[in-house]
Amino acid sequence: QKEVEQDPGPLSVPEGAIVSLNCTYSNSAFQYFMWYRQYSRKGPELLMYTYSSGNKEDGRFTAQVDKSSKYISLFIRDSQPSDSATYLCAMGGEYGNKLVFGAGTILRVKS
Amino acid sequence: DSGVTQTPKHLITATGQRVTLRCSPRSGDLSVYWYQQSLDQGLQFLIQYYNGEERAKGNILERFSAQQFPDLHSELNLSSLELGDSALYFCASSPATSGNEQFFGPGTRLTVL
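Given below as structure tokens:
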């Protein structure tokens, strides 16, 4: 079993929809959680960073962490075609600053 | 633009060869991380350096080595290359104080023929 599980998709939604992306994890030592967006053949771009449990909002993006369930989510409101990319969850805290990544979910927003 | 730079963008080489990938962190960041991204393994942590010292190590092969120089740039050396080493190699850096948010460079695409 992988430490971090993420549905690879693809997830296809119409423009303007609310998108929900999720990851589950097994290592209770993880303390901080991130979401990255990666366009094809580009470097991952940090979207959201959350320490421990709770919610964090930044513009159209909301990140949620539920440590009791070992479940994290990223919500994208009013999705745009430019949001089409691969979204990677990442988490760390167990060993130095090593990040463990999910496999990534491919999102396609259709206009 | 994250502020992390990597060179070269692309590298094509043959099996058995040795290559060096270079990374310059964001201004003020002391930590540098190296990751490998392949289709079957996803993004995998290789190694971290902090202010010139090795800080954490992942599943990095013995054929691979890295170092961080006094000016904080880092190099990843890959030797005795195999076809399976073909991948995207990313460097990331983190702020000196927070330490945990990692900002990624554009990557080096390595193709081993």
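Same order as they appear, the protein sequences are chains A and B.
When the letters of the first sequence are read in order and numbered with my numbering, they come out as residues 543 to 653.
When the letters of the second sequence are read in order and numbered with my numbering, they come out as residues 164 to 276.
Backbone N, C-alpha and C define an ideal beta-carbon position, used for all residues, glycine too.
Name the chain A residues that come within less than 8 Å of residue i, Cβ to Cβ?
i, result
"LEU224 of chain B", "Neighbours of LEU224 of chain B on chain A: none; closest Cβ ~16 Å, over 8 Å."
Excluding sequence positions up to five away, which residues of its chain have a Cβ less than 6 Å from the Cβ of residue i?
i, result
"ARG272 of chain B", "HIS173 and LEU251"
"LEU276 of chain B", "ALA177"
"LEU235 of chain B", "PRO188"
"ILE210 of chain B", "TRP197, LYS220, ILE223 and ALA229"
"LEU641 of chain A", "ALA632 and GLY634"
"TYR591 of chain A", "MET576"
"GLY215 of chain B", "GLN231"
Since residue i and residue j are thought to touch, with beta carbons under 8 Å apart, how far apart are those beta carbons, to the nearest angstrom?
i, j, result
"ASN263 of chain B", "ASN597 of chain A", "18 Å between Cβ atoms; not a contact."
"ILE618 of chain A", "CYS631 of chain A", "Not really, about 14 Å apart at Cβ, beyond 8 Å."
"SER568 of chain A", "GLN543 of chain A", "6 Å"
"ARG218 of chain B", "LEU241 of chain B", "Contact doesn't hold; Cβ gap of about 20 Å is too wide."
"ALA645 of chain A", "GLY205 of chain B", "5 Å"
Where residue i and residue j are concerned, what is the direct C-alpha to C-alpha distance, given to the nearest angstrom?
i, j, result
"SER594 of chain A", "ARG181 of chain B", "41 Å"
"VAL555 of chain A", "LEU588 of chain A", "22 Å"
"LYS609 of chain A", "PHE572 of chain A", "9 Å"
"CYS565 of chain A", "TYR213 of chain B", "29 Å"
"GLU599 of chain A", "GLY270 of chain B", "28 Å"
"LEU616 of chain A", "ALA627 of chain A", "14 Å"
"VAL546 of chain A", "THR604 of chain A", "20 Å"
"LEU244 of chain B", "LEU184 of chain B", "13 Å"
"GLY585 of chain A", "GLY551 of chain A", "20 Å"
Under 8 Å Cβ-Cβ, which residues of chain B neighbour residue i?
i, result
"ALA645 of chain A", "GLY205"
Leaving aside the five residues before and after residue i along the sequence, list all residues of the same chain whose C-beta is less than 8 Å from its C-beta, in chain order.
i, result
"LEU553 of chain A", "VAL561, LEU563, THR647, ILE648, LEU649 and ARG650"
"THR274 of chain B", "HIS173, LEU174, ILE175, THR176 and SER249"
"PHE266 of chain B", "SER165, GLY166, VAL167, ARG189, ASP192, ALA255, SER256 and SER257"
List the residues of chain A whose Cβ lies closer than 7 Å to the Cβ of residue i, in chain order.
i, result
"GLY268 of chain B", "GLY585"
"SER194 of chain B", "ASN639"
Please list, in chain order, all residues of the same chain as residue i whose beta carbon is under 7 Å from its beta carbon, the five residues on each side excluded.
i, result
"GLN207 of chain B", "TYR198, GLN199, GLY221 and ASN222"
"GLU557 of chain A", "SER621, GLN622, PRO623, VAL651, LYS652 and SER653"
"PHE253 of chain B", "TYR198, GLN200, PHE267, GLY268 and GLY270"
"PRO171 of chain B", "THR271"
"GLN606 of chain A", "ASN597, ILE614 and SER615"
Counting only Cβ pairs nearer than 7 Å, list the residues of chain B close to residue i.
i, result
"LEU563 of chain A", "Going along chain B, no residue has its Cβ under 7 Å from LEU563 of chain A, so there is no contact; the nearest lies around 16 Å."
"GLY634 of chain A", "ASN263"
Could you tell me if the beta carbon of residue i falls within a distance shorter than 7 Å of some heavy atom in the ligand MG?
i, result
"GLY179 of chain B", "Of the ligands one can find in the structure shown there are none, so the ligand MG has no counterpart to examine."
Quiz item: Counting pairs of beta carbons, one from the segment 194-203 of chain B and one from the segment 230-241 of chain B, are three or more of them closer than 8 Å?
Solution: yes
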